[in-house]
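J.: Okay, handing you the structure first.
Numbering (our numbering), first residue to last: 2 to 60.
Here it is as structure tokens:
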């Protein structure tokens with residue numbers, strides 16, 4: 002997800018070395034996650050990868 006909120010489906014086409022960290026957020030929708038990823042992208046000045054982690058369809 003880029004700072005302007007644009008995103009591309011899929012992950013990296015190459016596997017970069019881990020040179021950062023990760024953030025786990027509990028949100029209500031993927032759209033809300035994209036908004037947060039765009040905010041973090043702007044603050045960190047680099048695109049952010051977005052992944053579903055522990056999806057619970059009952060929640």
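For each residue, glycine too, the CB sits at the ideal point set by N, CA and C.
Whole angstroms is fine: what's the gap from residue 56's alpha carbon to residue 29's?
T.: For the purposes of this step, residue 56 is taken as residue 55 along the chain shown, with counting starting at 1. For the purposes of this step, residue 29 is taken as residue 28 along the chain shown, with counting starting at 1. When rounded, the distance between both Cα atoms is 11 Å.
J.: Under DSSP, the alpha helix (DSSP H) around residue 33 begins and ends at which residues?
T.: If you number the chain shown from 1, residue 33 lands on position 32. 31 to 45 is the span of the alpha helix (DSSP H), which, as asked, contains residue 33.
J.: Since residue 39 contacts residue 6 with CB under 8 Å, what's their CB separation in whole angstroms?
T.: Numbered from its first residue, the chain shown carries residue 39 at position 38. Numbered from its first residue, the chain shown carries residue 6 at position 5. Indeed they touch by this definition, with Cβ atoms about 4 Å apart.
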